[in-house]
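There are 2 protein chains.
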Amino acid sequence: MQIACVLYRPLTSLDLIGAYQVFAAWPGATVELVSDTRDVVMDDVGVMSFTPTATFAEVTAPDVVLLPGSSRPFASLGDETLLAWLRAVEPTAKWMTSVCSGAGLLAAAGLITGRKCATHWAYREVVAGMGAEVLAERYVFDGKFVTGGGVTAGIDMALALTAREFGDTQAKVLQLGMEYDPKPPFPGGSLETSEPEIVEAALASLVAGAG
Amino acid sequence: MQIACVLYRPLTSLDLIGAYQVFAAWPGATVELVSDTRDVVMDDVGVMSFTPTATFAEVTAPDVVLLPGSSRPFASLGDETLLAWLRAVEPTAKWMTSVCSGAGLLAAAGLITGRKCATHWAYREVVAGMGAEVLAERYVFDGKFVTGGGVTAGIDMALALTAREFGDTQAKVLQLGMEYDPKPPFPGGSLETSEPEIVEAALASLVAGAG
Numbered sequence: 000m001q002i003a004c005v006l007y008r009p010l011t012s013l014d015l016i017g018a019y020q021v022f023a024a025w026p027g028a029t030v031e032l033v034s035d036t037r038d039v040v041m042d043d044v045g046v047m048s049f050t051p052t053a054t055f056a057e058v059t060a061p062d063v064v065l066l067p068g069s070s071r072p073f074a075s076l077g078d079e080t081l082l083a084w085l086r087a088v089e090p091t092a093k094w095m096t097s098v099c100s101g102a103g104l105l106a107a108a109g110l111i112t113g114r115k116c117a118t119h120w121a122y123r124e125v126v127a128g129m130g131a132e133v134l135a136e137r138y139v140f141d142g143k144f145v146t147g148g149g150v151t152a153g154i155d156m157a158l159a160l161t162a163r164e165f166g167d168t169q170a171k172v173l174q175l176g177m178e179y180d181p182k183p184p185f186p187g188g189s190l191e192t193s194e195p196e197i198v199e200a201a202l203a204s205l206v207a208g209a210g
Numbered sequence: 000m001q002i003a004c005v006l007y008r009p010l011t012s013l014d015l016i017g018a019y020q021v022f023a024a025w026p027g028a029t030v031e032l033v034s035d036t037r038d039v040v041m042d043d044v045g046v047m048s049f050t051p052t053a054t055f056a057e058v059t060a061p062d063v064v065l066l067p068g069s070s071r072p073f074a075s076l077g078d079e080t081l082l083a084w085l086r087a088v089e090p091t092a093k094w095m096t097s098v099c100s101g102a103g104l105l106a107a108a109g110l111i112t113g114r115k116c117a118t119h120w121a122y123r124e125v126v127a128g129m130g131a132e133v134l135a136e137r138y139v140f141d142g143k144f145v146t147g148g149g150v151t152a153g154i155d156m157a158l159a160l161t162a163r164e165f166g167d168t169q170a171k172v173l174q175l176g177m178e179y180d181p182k183p184p185f186p187g188g189s190l191e192t193s194e195p196e197i198v199e200a201a202l203a204s205l206v207a208g209a210g
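Sequence order for the protein chains is C and B. Counting from 0, one number per residue, gives the positions in the first sequence under numbering that gives the first Met the number 0. Counting from 0, one number per residue, gives the positions in the second sequence under numbering that gives the first Met the number 0.
Right under this line is the structure:
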């Protein structure tokens, strides 16, 4: 099973790595880091750079596609090379997955019009404005499209997809291998569970960083 | 505040990135990816390669050190270049942090003898055998040493340290920015909460992969 993790500028590292770590542990998985060229791809912090293992032209029929998000997601919505590749591989892919604002790329490619999806809480209106039905969920399954909420939701999304593909036991084994028994230091962590002043500060910080 | 994330072969990507994503969002943070040379460092999957931004020789007084773990942790316990660097920077560092088997490197360097720490559940006896007191906790504070359990525990550890360093509000804002309101698809995820047959299968898988 070939898994294509998409690298584009400037992705959020944890969006990519949370789901990657799960998918890479799938039985029989071959993982490629796919980008427009072989040039390294810098993350949105400007520190972590990822090296592609293949170009879009070399990966034409992946079984699974993983689209990470970005804290500066708007430029990539006009990346026609990326969008054209998504449209080209979608018909034969078994699963098209995204984390965070990655759902916006599926929407921009016209692949999830009218479909249910999840995305980062601060990006819901953007994705809804592109024709998808955005749910306030940690992850959403709709046909072959499996979309996660913001950043850390990629771990939950990928484990849930593991269960769907390989059964509950395999998913539990991976969950234990990654010691995923989370204990966030505070309640909250989502739009619906955070205090209003925390939401306001987080939005201000995201807007400031979005550039 | 300079944060030094240590790259060594063959680290687990999510151990590194979970805490990195939190630390990189700290006010005034400068993050370096530090390694013995500038050569890329491949992860334990053999797919993700990380590019150092600095060598050990160039980073002599970091404020925070982050040590990721590895699913094949034993070779690094004899990495004298790495251990010597840890011993050299520890006296002036404010926080020495680790994720997963990274605590074993602190122990091998002789820095946490008699101290309390956390590590991956399958690695607890190894670290205890090197003289640390291993607790079955998600993360443990002992002086300047802040150690997390397996893989995903790095996120919780780093958020808890954010609260210690910058206060609860800042930590909650980062937690919401990363949408860290986890919903693992299954109960379990730790040695204490998983069914015996899941523990057995996870151990078998870890041993098979440990090479």
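Glycine is no exception: its CB is placed at the ideal position from the N, C-alpha and C atoms.
Against chain B: residues of the segment 165 to 181 of chain C by CB proximity under 9 angstroms
Asp167, Thr168, Gln169, Ala170, Lys171, Val172, Leu173, Gln174, Leu175, Gly176, Met177, Glu178, Tyr179, Asp180, Pro181
Interface residues of the segment 182 to 202 of chain C facing chain B [CB-CB below 7 angstroms]:
Lys182, Pro183, Pro184, Phe185, Gly187, Gly188, Ser189, Thr192, Ser193, Ile197, Val198, Ala200, Ala201
Going along chain C, which residues have a C-beta under 7 angstroms from alanine 23/B?
Val44, Val46
Beta carbon proximity, tryptophan 120/B to chain C, threshold 8 angstroms
yes
Is the shortest distance between the beta-carbon of serine 276/C and the beta-carbons of chain B less than 8 angstroms?
This structure does not reach residue 276/C, given that chain C is present from 0 up to 210, and the question cannot be answered.
At the 8 angstroms Cβ level, is aspartate 38/B part of the contact set with chain C, yes or no?
no
Nearest CA to the CA of valine 44/B: which residue from Ala28/B, Leu173/B, Ser69/B, Gly27/B?
Ser69/B
Which stretch, first to last residue, makes up the alpha helix (DSSP H) that contains isoleucine 154/C?
152 to 165
Quick one, which of Gly153/C, Glu164/C, Val206/C has its alpha-carbon nearest proline 183/B's?
Gly153/C
Tell me whether threonine 50/B sits in a helix, a strand or coil according to DSSP, three-state version.
coil
For aspartate 35/C, which residues in chain B fall below 7 angstroms Cβ to Cβ?
Per Cβ cutoff of 7 angstroms: no residues; aspartate 35/C is ~18 angstroms from chain B at best.
Go ahead and pull the three-state DSSP assignment for glutamate 31/B.
strand
Distance check for valine 39/B and threonine 50/C, CA to CA, integer angstroms please.
9 angstroms
For valine 30/C, return the contacting residues in chain B, with the cut-off set at a CB-CB distance below 8 angstroms.
Val44, Val46
What does a CB cutoff of less than 6 angstroms around glycine 101/B pick up in its chain, not counting 5 residues either side in sequence?
Leu66, Pro67, Gly68
Measuring CA to CA, which of Glu31/B, Glu132/B, Ala23/B is closest to cysteine 4/B?
Glu31/B
Neighbour list for alanine 162/B in chain C, Cβ cutoff strictly below 9 angstroms:
Pro184, Phe185
Please classify alanine 74/C as buried or exposed, where buried requires at least 16 other C-beta atoms within 10 Å of its C-beta.
exposed
Given this structure, state the Cα-to-Cα distance separating threonine 112/C from leucine 104/C, to the nearest angstrom.
12 angstroms
Between Gly109/C, Thr59/C, Val64/C, which has its C-alpha nearest alanine 87/C's C-alpha?
Thr59/C
Could you have a look at leucine 6/B and say whether DSSP puts it in helix, strand or coil?
coil
With a cut-off of 8 angstroms, do at least 3 Cβ pairs link the segment 12 to 21 of chain B to the segment 4 to 18 of chain C?
yes
If you drop the 5 nearest sequence neighbours on each side, which residues of the same chain put their C-beta closer than 6 angstroms to that of tyrosine 7/B?
Ser75, Leu81
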